[in-house]
Amino acid sequence: MSIGDRDPTIRPSPDALLERVRSETRGRLKIFLGAAPGVGKTYEMLVSGHAKIADGVDVVIGVVETHGRKETQALLAGYEIIPRVVIDYKGRSLDEMDIDAILARKPDLVLVDELAHTNAEGSRHPKRYLDVKELLDRGIDVYSTLNIQHVESLNDVVSQITRVRVRETVPDSVIDLADDIEIIDLTPDDLIKRLHDGKVYMPGTAARALTNYFTPGNLTALRELALRKTAQRVDDQLLTHMQANAISGPWAASDRVLVSIDHQPRSTALVRYASRMASRLRSPWAAVYVETNHAVRLTEAQADSVAATLRLAEQLGGEAVTLPGRECSEELLRYAAANNVTHIVVGAPGKTSWWKWWERAEADTLIRQAGEISVHVISGSERDSKTAPSGVRSAPPARSLDLRAYALATVYVAVALLVGVVLDQVLDVRNLALVFLMSVLTSAVLHGLRPALYSSLLGALAFNFFFLPPRYTLTISDPESVLALFFFLGVAIIASNLTATVQRQAAAARRRARTTEDLYLFSKKLAGTGTLDDVLWATAFQLASMLKVRAVLLLPEQGTIAVKAGYPPDDTLDDADIAAARWAWEHNHAAGRGADTLPGAKRLYVPLRTGRAAVGVIGLDSDRRDGPLLTPEQQRLLDALADQAALAIERIQLVADVDRAKLAAEADRLRSALLTSISHDLKTPLAAILGAAGTLRDYLDSMTPDDRLDLLATVVDESERLHRFIANLLDMTRLESGAMEPNATPHFVGDIAGGALRRGAKILAHHKTEMTVASDLPMVRVDAVLLEQVLFNLLDNAAKYSPENSTITITGWANAYNVFVQVSDDGQGIPPADLERIFDSFYRVRKGDQVRAGTGLGLSICRGFVEAMGGTISAENRSDRRGARFTVQLPIANDIPKLDDLK
332 MSIGDRDPTI
342 RPSPDALLER
352 VRSETRGRLK
362 IFLGAAPGVG
372 KTYEMLVSGH
382 AKIADGVDVV
392 IGVVETHGRK
402 ETQALLAGYE
412 IIPRVVIDYK
422 GRSLDEMDID
432 AILARKPDLV
442 LVDELAHTNA
452 EGSRHPKRYL
462 DVKELLDRGI
472 DVYSTLNIQH
482 VESLNDVVSQ
492 ITRVRVRETV
502 PDSVIDLADD
512 IEIIDLTPDD
522 LIKRLHDGKV
532 YMPGTAARAL
542 TNYFTPGNLT
552 ALRELALRKT
562 AQRVDDQLLT
572 HMQANAISGP
582 WAASDRVLVS
592 IDHQPRSTAL
602 VRYASRMASR
612 LRSPWAAVYV
622 ETNHAVRLTE
632 AQADSVAATL
642 RLAEQLGGEA
652 VTLPGRECSE
662 ELLRYAAANN
672 VTHIVVGAPG
682 KTSWWKWWER
692 AEADTLIRQA
702 GEISVHVISG
712 SERDSKTAPS
722 GVRSAPPARS
732 LDLRAYALAT
742 VYVAVALLVG
752 VVLDQVLDVR
762 NLALVFLMSV
772 LTSAVLHGLR
782 PALYSSLLGA
792 LAFNFFFLPP
802 RYTLTISDPE
812 SVLALFFFLG
822 VAIIASNLTA
832 TVQRQAAAAR
842 RRARTTEDLY
852 LFSKKLAGTG
862 TLDDVLWATA
872 FQLASMLKVR
882 AVLLLPEQGT
892 IAVKAGYPPD
902 DTLDDADIAA
912 ARWAWEHNHA
922 AGRGADTLPG
932 AKRLYVPLRT
942 GRAAVGVIGL
952 DSDRRDGPLL
962 TPEQQRLLDA
972 LADQAALAIE
982 RIQLVADVDR
992 AKLAAEADRL
1002 RSALLTSISH
1012 DLKTPLAAIL
1022 GAAGTLRDYL
1032 DSMTPDDRLD
1042 LLATVVDESE
1052 RLHRFIANLL
1062 DMTRLESGAM
1072 EPNATPHFVG
1082 DIAGGALRRG
1092 AKILAHHKTE
1102 MTVASDLPMV
1112 RVDAVLLEQV
1122 LFNLLDNAAK
1132 YSPENSTITI
1142 TGWANAYNVF
1152 VQVSDDGQGI
1162 PPADLERIFD
1172 SFYRVRKGDQ
1182 VRAGTGLGLS
1192 ICRGFVEAMG
1202 GTISAENRSD
1212 RRGARFTVQL
1222 PIANDIPKLD
1232 DLK
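Counting from 332, one number per residue, gives the positions in the sequence shown under our numbering.
Written as structure tokens, this is what we have:
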């Protein structure tokens, strides 16, 4: 079979087949990828679209940005362009792609420029790539453009190269979603020439770009990133194609490195060599350990060496893979063919033991059968092959002589002897050996190799003594009987060995399955926890139950480290334990009992490590007071549990950091808004008061009485405005501090609404007011002062945003459970984007120059007061005409006795 043919012995990959089905049920995505702006991505996308139109494909333009380039603008001719939707954002009109219009039009192909674009607030999706994903899910093909600096995984690299941080990014999963990536490549010199010619930016902008961003070095580095990202995606597509079609590799379109490891010390040197080779080739690599039948006979130290080598491979950036199999070379070649591996690294054959002289070395088998795969045979100097010591001494595995197993083996032979005595009357003596062979197999299955060997020897002696002539002696007279005895003994030993091996493998498989299930349940539990305490308690319990120890978890706190959880609960540590725990945290290394550092501590302390740093410390203890705590197998299990716990703790801490950052940003926003409000809203009335008072002082005698009254009215009006502003600040302070305690008593809403109208008569002087409140409304239990302030603020807000001589209406009604009070105006209404934020502190809707300024606190205070009295407040635009309306909902006071009941 030639390379590239479908291999009937290889089953197609289910993941690859699933990916193929997925791609066939959605639209196709093609990305035109460039290294920098101006390379011609949009131009090439439009040219490709014209080619599709010529082929009879229904193509429309969803959004294309020409940036004033004449050549690009000319290519729009001949396209159907879907009109963009206009979104009002903070007083500005922004054009965005109309995804609903495209879905209604249902074209075969839509062109969507600038995949990383951030949509205006109020759009269906915050990012344009989410719009594209929806189009793809609806079966519409998409052409789009993207610059390499917008790829999320390369954001830090691009920032380091260009010294410019790109804020708009696209997740790598979107790149992986692309069915085709076309690289639009332009040499740095050609791109710089286009800048000089004014084909990318305007002259002033182009000059700054040439100085800061479009330097030859930057463009060369970005060009390499674009080419490598495209090559990586194409390589992934090639591998998926090969796996879906069961094609045996390699197809050497790109390099992949595989290194074979075992329990030998040289394996670490092989891993480091493979890492260096992959780095030179800029290719992915994997360290593979094939778990054959011999793996069950590995000592704890050898098994620990395998685990440490796989861990080293992951630390060096490789993939750690464990494969079960019968022959190492066979499994390696099968994995290499399935994953398009082009280089295999193996260790050179060492000295062969006399009992393995007939076995061919792994390297020889690979060289003979690798075909087009390059095999690198490395000596692997053991001098430099030691992994970093863990710093923890291992407890020897418990080994005890199980006398019960040997006693039961004796019983099995005795039973076989009794059965043989009965069958001796009807069977030939040589057939009786099968009865004793059954006792040997029973011992091997139930008790292992050594009791089975004991059973073999005991059965041979019993068979000789009781059944071979001359009977009841150990002497054998018949040569055929001698051969029969020796063959029986040989078959018994071989059968017991094979059976015991199978039994060990089955026991190891059960242990692995149980451990894997426990780790899976533990990871599932951690994934479902949302608080740090839950993670810590789950971790402590899992450590204690799986390792059969007592566990405590310590986390850093105010410059030191403190106990946060334990199982069984325990928070007492002596000075030696505190010193060991602190040393383990600070040095990211084990300390305490059984370790090389501070071994006098009661517990063993192991750091919880992540890729960034140590996030905490695990303390372990047991009832056994002498010697190391853990066997090598338990240490490997501890590493797995600690890694999962560390990641979960880091996840919780990162979420907390994000929340703190959001709170800090909100505090900064409020502080900035407060300073702006004070600087403007406090200064404006003070300036008016000072101006009016100064004019009265300097020109009092020369002024007419009407002018004096006007200036005095200005002083009074601005003083009242200043008083309202300070009162709002004090009310907001009371709300934020939680000191607001309403004095709730039964009241009629109509009385309170009338008081608010009388109080606001001056600010409503240029408006018409109407109040329609039924006289038979139920009473509500509210604080009359607070509710009047709420209605006054709503009336003040309506007066600000309504034209003069318009009508402001107060309406009241009730249902079975609540009383409603509504304030409506005839103003411009509330922009849809502001409806969700209109009750936020210091948030002000944009308004015209003729509208007097506000503090942005009035509506926020309304919400706080209403909620403090057990009600709700909402805002909406009027449906019958232009304007806004605010509705206050208050629960009916059912505990108020009726007048008839009091008589």
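Backbone N, C-alpha and C fix where the C-beta goes; we use that ideal spot for every residue, glycine too. Keep in mind that this is a model prediction, so the values were computed, not measured.
Q | Nearest-angstrom Cα separation, counted from G861 out to V989 | A | Here the question's residue 989 lines up with position 658 in the sequence shown. Here the question's residue 861 lines up with position 530 in the sequence shown. Their backbone Cα atoms lie some 14 Å apart in a straight line.
Q: With a threshold of 16 other CB atoms inside 10 Å of the CB of Q480, please say whether the residue is buried or exposed.
A: Here residue 480 refers to the residue found at position 149 of the sequence shown. It counts as buried.
Q: Please classify D1041: does DSSP put it in a helix, a strand, or coil?
A: As a first step, residue 1041 is located in the sequence shown; it is residue number 710 there, counting from the start. D1041: helix per DSSP, three-state reduction.
Q | Burial state of I512 (16 or more Cβ within 10 Å) | A | On the sequence shown, position 181 is the one that residue 512 refers to. Buried, because 16 or more other Cβ atoms sit within 10 Å of the Cβ of I512.
Q) V813: buried (16+ other C-beta within 10 angstroms of its C-beta) or exposed? A) Along the sequence shown, one-based indexing puts residue 813 at 482. Its Cβ having fewer than 16 others within 10 Å, V813 is exposed.
Q. Alpha carbon to alpha carbon, how far is L643 from V501?
A. To locate residue 643, count along the sequence shown from 1; it is residue 312. To locate residue 501, count along the sequence shown from 1; it is residue 170. Cα-Cα distance, rounded: 32 Å.
Q | Euclidean distance between Cα positions of R699 and D970 | A | Counting from one through the sequence shown, the residue named residue 699 turns up at place 368. Counting from one through the sequence shown, the residue named residue 970 turns up at place 639. The alpha-carbon atoms of R699 and D970 are separated by roughly 39 Å.
Q | Of the listed residues Y666, E1049, Q873, nearest to A290 (C-alpha basis) | A | Nothing about residue 290 can be reported from this structure: the residues present for the chain run from 332 to 1234 only.
Q | Three or more C-beta pairs below 8 Å linking the segment 916-923 and the segment 836-851 | A | no
Q: Give the single residue among A451, K372, A869 whose Cα lies nearest to the Cα of E402.
A: The residue given as residue 402 occupies position 71 in the sequence shown. For the residues A451, K372, A869, the minimum Cα distance to E402 belongs to K372.
Q.
Please give the ranges of any beta strand (DSSP E) in the segment 1197-1225, keeping only runs that are unbroken, at least 3 residues long and fully inside the region.
A. 1203-1208, 1215-1222
Q.
Check this for me: beta carbons of S774 and A826, under 8 Å apart or not?
A. For this step, residue 774 is matched to residue 443 along the sequence shown. For this step, residue 826 is matched to residue 495 along the sequence shown. Taking 8 Å as the Cβ cut-off, S774 and A826 do not qualify as a contacting pair.
Q | Helix, strand or coil at P655 according to DSSP, with G and I counted as helix | A | In the sequence shown, counting from the first residue as 1, residue 655 sits at position 324. Here P655 sits in strand by DSSP.
Q | G548 versus D695 - alpha carbon distance | A | Working through the sequence shown from its first residue, we reach residue 548 at position 217. Working through the sequence shown from its first residue, we reach residue 695 at position 364. Going from the Cα of G548 to the Cα of D695 covers about 47 Å.
Q) Between M1200 and L1166, which are expected to be in contact by the criterion C-beta below 8 Å, what is the C-beta distance as a whole number of angstroms? A) Along the sequence shown, one-based indexing puts residue 1200 at 869. Along the sequence shown, one-based indexing puts residue 1166 at 835. That belief does not hold up - the Cβ atoms of M1200 and L1166 are roughly 23 Å apart, past 8 Å.
Q.
I'd like to know whether the C-beta atoms of V1150 and L1126 end up nearer to each other than 8 Å.
A. The residue you call residue 1150 lines up with position 819 of the sequence shown. The residue you call residue 1126 lines up with position 795 of the sequence shown. No; because the gap between Cβ atoms is not below 8 Å, this pair is not in contact.
Q. What residues are listed by DSSP as bridge partners for K458?
A. In the sequence shown, counting from the first residue as 1, residue 458 sits at position 127. Bridge partners of K458: T449.
**Q.** Limits of the unbroken alpha helix (DSSP H) element including R1089
**A.** For the purposes of this step, residue 1089 is taken as residue 758 along the sequence shown, with counting starting at 1. 1080-1090 is the span of the alpha helix (DSSP H), which, as asked, contains R1089.
Q) Are three or more beta carbon pairs between the segment 1098-1108 and the segment 1129-1148 nearer than 8 Å? A) yes
Q | According to DSSP, residues forming a beta bridge with W616 | A | On the sequence shown, residue 616 is found 285 positions in, with the first residue counted as 1. Paired residue(s): V588.
Q) Opposite D927 in the DSSP bridges: which residues? A) As a first step, residue 927 must be located in the sequence shown, where it is residue number 596. Answer is none; D927 lacks a bridge partner.
Q. Using a Cβ-Cβ cut-off of 8 Å (strictly less than) and excluding sequence neighbours within five positions of P457, which residues of its own chain qualify?
A. The count along the sequence shown starts at 1 and reaches residue 457 at position 126. Around P457: T449, N450.
Q. When you compare each of R881, H707, P438, M428 to V390 by their alpha carbons, which one comes out closest?
A. Within the sequence shown, residue 390 is the residue found at index 59, counting from 1. Residue P438 is the option with its Cα nearest to V390.
Q.
At 3 residues or longer, what runs of the beta strand (DSSP E) sit wholly inside the segment 403-436?
A. 416-420, 423-427
Q) Which of the three DSSP states, helix, strand or coil, is assigned to D759? A) Counting from 1 along the sequence shown, the entry for residue 759 is found at position 428. It is coil, neither helix nor strand.
Q. Ordered along the chain, which non-local residues of its own chain (more than five positions away) have a Cβ less than 8 Å from that of I523?
A. Counted from its first residue, the sequence shown places residue 523 at position 192. For I523, where only same-chain residues beyond five positions count, the Cβ hits under 8 Å are L541, F545, P547, L550.
Q | Residues sharing a beta bridge with G678, DSSP | A | Position 347 of the sequence shown holds residue 678. In the DSSP output, where bridge partners are listed per residue, G678 has I709.
Q | Residues that DSSP places opposite W1144 in a beta bridge | A | For the purposes of this step, residue 1144 is identified with residue 813 of the sequence shown, where counting begins at 1. Note: W1144 sits in a beta bridge opposite F1151.
Q | Residue span of the beta strand (DSSP E) that contains F545, given as start and end | A | For the purposes of this step, residue 545 is taken as residue 214 along the sequence shown, with counting starting at 1. Neither: F545 is in no beta strand (DSSP E) and is coded neither H nor E.
Q: Below 8 Å on the Cβ atoms is my guess for L816 versus A783; work out the distance and round it to an integer in Å.
A: As a position in the sequence shown, residue 816 is number 485, starting the count at 1. As a position in the sequence shown, residue 783 is number 452, starting the count at 1. 18 Å between Cβ atoms; not a contact.
Q. Is G358 near H381, with beta carbons less than 8 Å apart?
A. The count along the sequence shown starts at 1 and reaches residue 358 at position 27. The count along the sequence shown starts at 1 and reaches residue 381 at position 50. No, the Cβ-Cβ distance between G358 and H381 is not below 8 Å.
**Q.** Those residues which DSSP pairs with S475 across a bridge
**A.** On the sequence shown, residue 475 is found 144 positions in, with the first residue counted as 1. For S475, which the question treats as bridged, DSSP gives the partners I362, V443.
Q.
Using the three-state DSSP reduction, which class does T830 fall into: helix, strand or coil?
A. To locate residue 830, count along the sequence shown from 1; it is residue 499. Three-state DSSP puts T830 in a helix.
Q) Who are the Cβ neighbours of I384 in its own chain at under 6 Å, not counting the five residues just before and after it? A) The sequence position of residue 384 within the sequence shown is 53, counting from 1. Contacts found: V390.
Q.
Using 8 Å as the threshold, is the C-beta distance between V473 and L364 below it?
A. In the sequence shown, the residue the question calls residue 473 occupies position 142. In the sequence shown, the residue the question calls residue 364 occupies position 33. Contact flag unset, no.
Q) In three-state DSSP terms, what is L960? A) Counting from one through the sequence shown, the residue named residue 960 turns up at place 629. Of the three classes helix, strand and coil, the one that applies to L960 here is coil, per DSSP.
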